[in-house]
Amino acid sequence: MDREPDREGTERHDAAGDSPASAGIPERPPQPLLSSDVLPGWQMERDLRIARAAQLAWMVELRREYVREADQHSREILDSAIRREASQTRIDIIKGTALHRAQEAGRAAEMHIAQAVGRSEYVVASEINAAERVQSKMPRVWRAFTTGRICDLRLRRIAATLEKLRTAEAVEKLDEQAAEYAETHRLGQVKDWLKGFEHTAEPAHAAERFAAAARQRRVTVTEVEDGMSLLSALLPSLTAHALKRRLDAAARSATEHIPHNPLIAEHTLELQHRDSDSQLARLAAGSAVVPEEFSSPGVSAGFSIGSESQVGRLRVPTLHIIDGSSADPASAEEPDPSASQPQTFQELPATREDGDPRSMDQRAADAFCAWLLNTQTPDELSTAAQIGILVEEATLTGVSDQPGFTRDGKIPVPARNLRDWLRAQTEQLSWYQLLHPPPEDRPSGENLLAVHAEGRYPPERLRVALWFRDRTCSAPGCSVPAEHCDIDHIIPWPEGETNAENLELLCRRHHRLKSWGYDVHLPSFTADLAFAA
202 MDREPDREGT ERHDAAGDSP ASAGIPERPP QPLLSSDVLP GWQMERDLRI ARAAQLAWMV
262 ELRREYVREA DQHSREILDS AIRREASQTR IDIIKGTALH RAQEAGRAAE MHIAQAVGRS
322 EYVVASEINA AERVQSKMPR VWRAFTTGRI CDLRLRRIAA TLEKLRTAEA VEKLDEQAAE
382 YAETHRLGQV KDWLKGFEHT AEPAHAAERF AAAARQRRVT VTEVEDGMSL LSALLPSLTA
442 HALKRRLDAA ARSATEHIPH NPLIAEHTLE LQHRDSDSQL ARLAAGSAVV PEEFSSPGVS
502 AGFSIGSESQ VGRLRVPTLH IIDGSSADPA SAEEPDPSAS QPQTFQELPA TREDGDPRSM
562 DQRAADAFCA WLLNTQTPDE LSTAAQIGIL VEEATLTGVS DQPGFTRDGK IPVPARNLRD
622 WLRAQTEQLS WYQLLHPPPE DRPSGENLLA VHAEGRYPPE RLRVALWFRD RTCSAPGCSV
682 PAEHCDIDHI IPWPEGETNA ENLELLCRRH HRLKSWGYDV HLPSFTADLA FAA
């Protein structure tokens, strides 16, 4: 199908009210910016979104036009057959051909559009399908899209959720809430919110999808490069996170013995020898440079300023400061490198307190191998790792089928599955009651957010309370889970107290920015957390 650009058709399309050039375009950000210097960036992003919306609206309309022309051609053929009094068999064939003609016309439009915009036909078809679904069923979201309030990535995420919903009430509710939330939150937060919406709006249907997905669980191996493979397991999210938490806990432990993988331990041994030789060479030369792994700049608790590679390195339990500035190479006794260096991989230290040279990720990977290759299958599965779950009391008692959520809000768990899982963990559960806003009549149990510490570091019970209170990093738009964040004093210690009012959770990235003097716009909280009675 050959065509010339239809300028008049484009103008008619704009006049029909689908153009983002109409009223409703925001003149200012929906939320205050951290810096007025970035206002031009917001304006450019808004204009890009409007242009992208205009392009998608054009793509949707062009495919419809191709299909309309194909349908018109099919009707002409059918009318001609009816006038000729063709047989019913012939008419049925013509009707079947009409469906195929319309489908191929749509694919032809996708092919032509893909050539024009430089994307694959599959991507173009996905974009048009998502836009068409939202345009036809969610007028508020579509309006937000065409006026630059939300981007096409958010539109497609909303369209994916729309496709899962079965009831008109849920679709209407999504249309009412999604645009406002998507406009004021980051894409990752929007994805998590949409997952939660799917489970809370239609809990029974979400549980059915969970059960169907769980039937596909499997373990696969994918070969990558340089003699390595990716071992993947498709598991329920709660199980997968429990495994990861347990591996991380073992890797961080100073006393956990984790065997070295013999396939690669010799390489670790070689690197350790090389590092030891390099360190001895610096000391012999009288270098006053303290090795990075032994440095500890005077900054906030649990945080050090430096590059990403420095931040991720292990810290030895006891601080060692090696001062070579006054060393006399002539008089110093030369150490014997072979006296303390392991000679085989079996002699490599397997605990952090003994000087294990592996990174946290490497220790976790080796623990994973050691545990699986031990080939012991327990009678039942239990979770020896801390997983925070937020769940309504009505769900626990079976009165409601509203799902529970992991503490960071990322993973919804169907009510029935959550109740079964909790029954299997009865002896390992700690119950907390989260109240917001605090009631006038205080519940029984200690208010954990009222705990004060005399020293710099909060006790375990206050730390857990902060995890439940903040749930994620406190910086706007950041979704790093609470347990992976640093606990920061808003007013630096010792001037500021170690209590809930003066403590916030910040991921390492935003903690670093705050330490360098940048405002990360910390919100305030008024919730109270107490032990359940």
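Each number in this note's numbering comes from the position in the sequence shown (counting from 1) with 201 added on.
From the three backbone atoms N, C-alpha and C, an ideal C-beta is built for every residue, glycine too.
These numbers come from a predicted model, not from an experiment.
Quiz item: Where DSSP assigns a beta bridge to residue 606, which residues make up the other side?
Solution: 591, 613
Quiz item: Between residue 387 and residue 395, what straight-line distance do the alpha-carbon atoms span, to the nearest angstrom?
Solution: 12 angstroms
Quiz item: If we ignore side chains and look at the alpha-carbon of each, how far apart do residue 668 and residue 589 end up?
Solution: 8 angstroms
Quiz item: If you follow the alpha helix (DSSP H) that residue 298 is part of, which residue opens it and which one closes it?
Solution: 289-318
Quiz item: In terms of alpha-carbon separation, which member of 557, 707, 260 lies closest to residue 686?
Solution: 707
Exercise. Since I believe residue 603 is in contact with residue 616 (beta carbons under 8 angstroms), could you give me their beta-carbon distance rounded to a whole number of angstroms?
Key: 6 angstroms
Self-check item: Same chain only: Cβ atoms within 6 angstroms of residue 365, ignoring 5 sequence neighbours per side
Solution: 399
Exercise. Answer yes if the region 416-427 comes into contact with the region 696-710, meaning at least three C-beta pairs across the two stretches below 8 angstroms, and no otherwise.
Key: no
Quiz item: Under a three-way DSSP split, which group does residue 721 fall into?
Solution: coil
Quiz prompt | Per DSSP, the bridge partner or partners of residue 688 | solution = 706
Quiz item: Is residue 371 closer than 8 angstroms to residue 403 when the C-beta atoms are compared?
Solution: yes
Quiz item: With a CB to CB cut of under 8 angstroms and the five nearest residues on each side skipped, what residues in its chain are close to residue 291?
Solution: 282
Self-check item: Spatial neighbours of residue 264 in its chain, beta-carbon cut-off 6 angstroms, leaving aside the 5 residues before and after
Solution: 307, 310, 329
Quiz item: Of all the options 451, 429, 443, which has the alpha carbon lying nearest to the alpha carbon of residue 464?
Solution: 429
Quiz prompt | Buried/exposed call for residue 275, threshold 16 Cβ in 10 Å | solution = buried
Quiz item: Beta-carbon separation of residue 663 and residue 654 under 8 angstroms?
Solution: yes
Quiz prompt | Simplified DSSP assignment, three categories, for residue 386 | solution = coil
Quiz item: Under 8 angstroms, do residue 697 and residue 688 count as touching if we go by C-beta distance?
Solution: no
Quiz prompt | For residue 400, the three-state DSSP class (helix, strand or coil) | solution = helix
Quiz item: Leaving out the 5 sequence neighbours to the left and right, which residues in its chain are closer than 8 angstroms to residue 269 when beta-carbon positions are compared?
Solution: none
Quiz item: Terminal residues of the continuous alpha helix (DSSP H) containing residue 258?
Solution: 240-284
Self-check item: Own chain residues within Cβ distance below 8 angstroms of residue 321, not counting five before or after
Solution: 315
Practice problem: Return the chain-ordered list of same chain residues with a C-beta closer than 7 angstroms to the C-beta of residue 377, the five sequence neighbours on each side being excluded. | Solution: 341
Exercise. Please report the residue range of the alpha helix (DSSP H) in which residue 362 lies.
Key: 353-365
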